Amino acid sequence: MSAKEKVQVFIELLTDNDAFATEEEIKTYITNACKIITDSSKIEDVELFYDLKNVDLFLGLDAVEIIKDEHITPSMNLWGVLDGLDNWRDNKKQQEECVYMLWDLENHKCTRVNDTSLAEITERMILGSEIRYLLLNIEAIAIKRHFMPIFRDCRNMLNDKRFWRRIESEQIGGLPKFIYIDFVKDIDSLKKWMEENILKRIFKLNPKHGENGVGNWVEASLLLCNRREAQALLNAAIYDKKTRNYYNYDQTHKKYIIFEDENTSENTYHGYHLDSETDVPNTIRKKFEQIKQVHK
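Its first residue numbered 132, the sequence shown is counted upward by one per residue in this note's numbering.
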């Protein structure tokens, strides 16, 4: 996988009314989900998507309805972390002519999953791209495998010329297909998956910025930490699409640090600390504020 390719991660929330016996259980679930989503948003190369229908079903659960009268509800916190993410339904790819089935080997059954994130990921994988796909399964789907096998088949519409034109242009139809969707359950398994599947970012010291707060060139910004610490900050940095730079907040020096892409095949970056927070994009600062709130 190249340095510039993305992983589209689709969030799936639990929608079983019988899953929560107490108010405390639903609050714990929402708090945990918010933390997982927020931590996931820190990992660049990751592009998070939510399913508006799935979120609405979750927020409509009886257990969630009970806590809606609180001054600041956990559901408000959930919408807070989803703010800025894309609802995949705004660019839906799955086909009405097709049927998508989740094959459950343990229970010897197939479950139709049309109009869900699983069907959407399946169709995007079949359409083909350099993007990788992953399901963030927050206790939503129980399966005793490390992947989800989806069977996709399309209705035979031999006499429908419009359908066959779409087959040629959009790759729908054709032979039935099995697609295997990787999934993760929490931030640790997501990080592990990313480490195994994504080309790592490598910090490269640029002499003009010095190291440990000394040795920089005249008028060049300082790197206040050492190269090992800079690598750790780069590993957890957040990407900004506009500037195409990575940013992190250095707790030790109480300053933001920027990492600039050197456009090498080794995926190297150099970095330095910023004198002013105003040099950091508002969207990035907002993400770090959200992270602070979740971890309080």
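Beta carbons: idealized from backbone N, C-alpha and C, even for Gly.
Remember, it's a predicted structure, so these values are computed and weren't measured experimentally.
Pair within 8 Å by beta-carbon distance, residue i and residue j
i    : j    : result
C285 : V212 : no
I272 : E143 : yes
G402 : I422 : no
H384 : L355 : yes
Y380 : F334 : no
Y311 : P338 : no
D186 : L265 : Sequence check: residue 186 is Val here, not Asp. Not a contact, by the Cβ cut-off of 8 Å.
Y73  : I415 : Look at the range of the chain in this structure, 132 to 427, and you will see that residue 73 is not part of it.
N268 : V315 : yes
Q225 : E261 : no
Buried or exposed (CB count within 10 angstroms, at least 16 for buried), residue i
i    : result
N343 : exposed
V345 : exposed
W348 : exposed
N148 : exposed
M132 : Confidence at M132 is low in this model, with a pLDDT of 42, below 50, so its placement is unreliable and the value that follows should be read with caution. M132 comes out exposed.
R276 : exposed
Integer Cβ distance of residue i from residue j, believed to fall under 8 Å
i    : j    : result
T242 : M256 : Actually they do not touch by this definition, with Cβ atoms about 19 Å apart.
Proximity to residue i [Cα-Cα], best of the options
i    : options                : result
K223 : T395, K339, I252       : I252
N398 : K372, R332, T414       : R332
E391 : S407, T374, Q382       : T374
L353 : A367, Y387, L321, Y370 : Y387
T162 : E360, S407, D317, N413 : D317
I157 : S206, I167, K322       : S206
R359 : N376, E350, L336       : L336
K184 : I167, D217, I274, N208 : D217
D371 : E227, L405, P412       : P412
I198 : S396, T159, D182, E261 : T159
W219 : S248, V230, L236, E228 : S248
Backbone secondary structure at residue i - three-state DSSP
i    : result
V212 : helix
K373 : coil
D176 : coil
D406 : coil
Q139 : strand
I312 : strand
E428 : Outside the shown range of the chain, which is 132 to 427, sits residue 428, and nothing can be said about it.
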